[in-house]
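Since the structure comes first, as structure tokens, the remarks are kept for the end.
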């Protein structure tokens, strides 16, 4: 029931209202209704207060849980970031550090307080100027990613090699606002790389020295043998001389194979595109192996499709090298029957012709399970192959790798006891017909033709001097031989010559310094004399270095008399034409 005070208050209010008289029972009923309304309202208030109180408690507990979880996540992330061995960093768009993890100190030796807010340019001691400019360009141009490796000096002067990776960050509007990235200590990797490079250089130097030291006496052996073969000899003497020449050229071939393989592994094989005659290439192959075929009573034949143009554009020396390796290999493993080189036309499209070169033999053949391993370095089909047939097992390896560089593949088909077939295809551009006619009109020079030249020679090896003097005497060339570059310059300043033959490695003054001195002479006529490098260094670097020093030609020892004669004849003709 409604309390009395509230009853009296309501009654008093009702009297003030000008209403018809109501009996007390109706008033009581009315008051009960009001009582119920108040009671329901009070209960609702209590219930809502209870709900709100429980909700507040739950919300507080939830907030506390979220706070704890957030702190845990932050702590876990902080621990992860600080236990990572790589430096994690963040910069503003100008390159000032705004965040660094603990690995920063381990890598750089710089404290966090000393580094935050500082620009990378002021902290990265040892980073070269070019690298800093590249990073500034990256920050300015807003490129996506950047990677580099640079050298860094710690405060204690310890050297570190650091790999830097970073990316641009953007705000919600898409504007660049800084970078994030990593720095990794790659010192051990870089030092290993440097050591490997040094080892590779040492290997190259060793091979170069070995080649030079073997080629020098070999030049005398092959050179003097060639000179004797030019003379009239008895049949038994000619046979001995042929054996000497064959053995010397085999040794030279071995040295060249080792140098070629090293060149391939070093990535120093370059494609040289030039005009050449396919017929001349095939004639050269035939000339080299025809006598070998007669000695072994083998038929050696070369065939080619008649619809193949003769004048082509491509790497002539590469084609010759691969074909010589394959034909030599065929002769080596064939005792009877046939060795055949076939050149077929596969297609011609837009002045690009694709040819197939195939070398067939009727030799011992290769078991199928061995047909992959024969292309590996120093590997032959059987363990006793080298003892029975000779060779190192490098020819096929070199040929396959050279062809792979040209985008071709060396394919073998073979059956034991029936023979083998090696083939590959290459594409060439067609040369202009005028080039073809010019190629075919080459004069066939002989090594007895006299040459009008006055040559100055720098050569410190007495045996090589002997070889040169015998050849130059035979061809009627006037010459003066000196023992080093200093002697050559002393004589050249006093006398006139048409051509200089320059050894590269000599005591007192080497060939490079001698050439430089000559090119700097005040007398421009003397300064521009043709200089030909004549050296036992067969490395590509020696050739490039000679070109850099403005030499006019490069010939390696041992040289072939006919090629040497052709070179001298070329300059002899030039002198006559000028005269």
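In the working numbering, the protein residues as written are 1085 to 1663. Where is the CB? At the ideal position from N, CA and C, for every residue including glycine. Note that this is a predicted model, so its numbers are computed, not measured.
Extent of the continuous beta strand (DSSP E) to which residue 1639 belongs: 1637-1640
Determine the burial state of residue 1336: buried for a count of at least 16 other Cβ atoms within 10 Å of its Cβ, exposed for fewer. buried
Taking its Cβ as the centre, do 16 or more other Cβ atoms sit within 10 Å of residue 1319, making it buried, or is it exposed? exposed
I'd like to check one pair, residue 1613 with residue 1584: are the Cβ atoms closer than 8 Å? yes
Segment contact, 8 Å Cβ cut-off, at least three pairs: the region 1588-1602 with the region 1561-1569: yes
Collapsed DSSP secondary structure at residue 1297 in the structure displayed: helix
Below 8 Å between beta carbons: does that hold for residue 1399 and residue 1357? yes
Whole-angstrom distance between residue 1552 and residue 1546, CA atom to CA atom: 10 Å
Do you know how far the Cα of residue 1130 is from the Cα of residue 1144? 21 Å
Which residue's Cα is closest to the Cα of residue 1403: 1109, 1305, 1511, 1221? 1511
Could you check what DSSP says for residue 1171 in three-state terms: helix, strand or coil? strand
As assigned by DSSP and simplified to three states, the class of residue 1193: coil
Is the number of C-beta pairs between the region 1250-1259 and the region 1225-1233 that are closer than 8 Å three or more? yes
Below 7 Å CB to CB, which residues in the same chain sit around residue 1255 once its five sequence neighbours on both sides are set aside? 1261
Where residue 1648 sits in the DSSP three-state scheme: helix
Residue 1178 burial status per 10 Å Cβ neighbour count (16 or more: buried): exposed
Quick one: Cα of residue 1554 to Cα of residue 1513, how far? 43 Å
Indicate whether residue 1560 and residue 1504 have their beta-carbon atoms separated by less than 8 Å. no
Please list the terminal residues of the continuous beta strand (DSSP E) segment that includes residue 1556. Per DSSP, residue 1556 belongs to no beta strand (DSSP E); it is in the alpha helix (DSSP H), 1546-1558.
Taking only three categories from DSSP, how would you classify residue 1535? coil
Would you kindly report the start and end of the unbroken alpha helix (DSSP H) that includes residue 1410? 1400-1416
Assign residue 1493 to one of three DSSP states: helix, strand, or coil. coil
Determine the closest residue to residue 1224 out of 1267, 1140, 1176, with distance taken between C-alpha atoms. 1176
Can you give me the C-alpha to C-alpha distance between residue 1302 and residue 1537, rounded to a whole angstrom? 27 Å
Would you report the Cα separation of residue 1315 and residue 1309, rounded to the nearest angstrom? 10 Å
Do you know offhand how far residue 1172's Cα is from residue 1433's? 56 Å
What's the call for residue 1299, buried or exposed, on a 16-neighbour Cβ count within 10 Å? buried
DSSP three-state call for residue 1051: helix, strand or coil? Outside the displayed range of the chain (1085 to 1663) lies residue 1051, so it cannot be described from this structure.
Just the Cα atoms here: how many angstroms apart are residue 1326 and residue 1409? 21 Å
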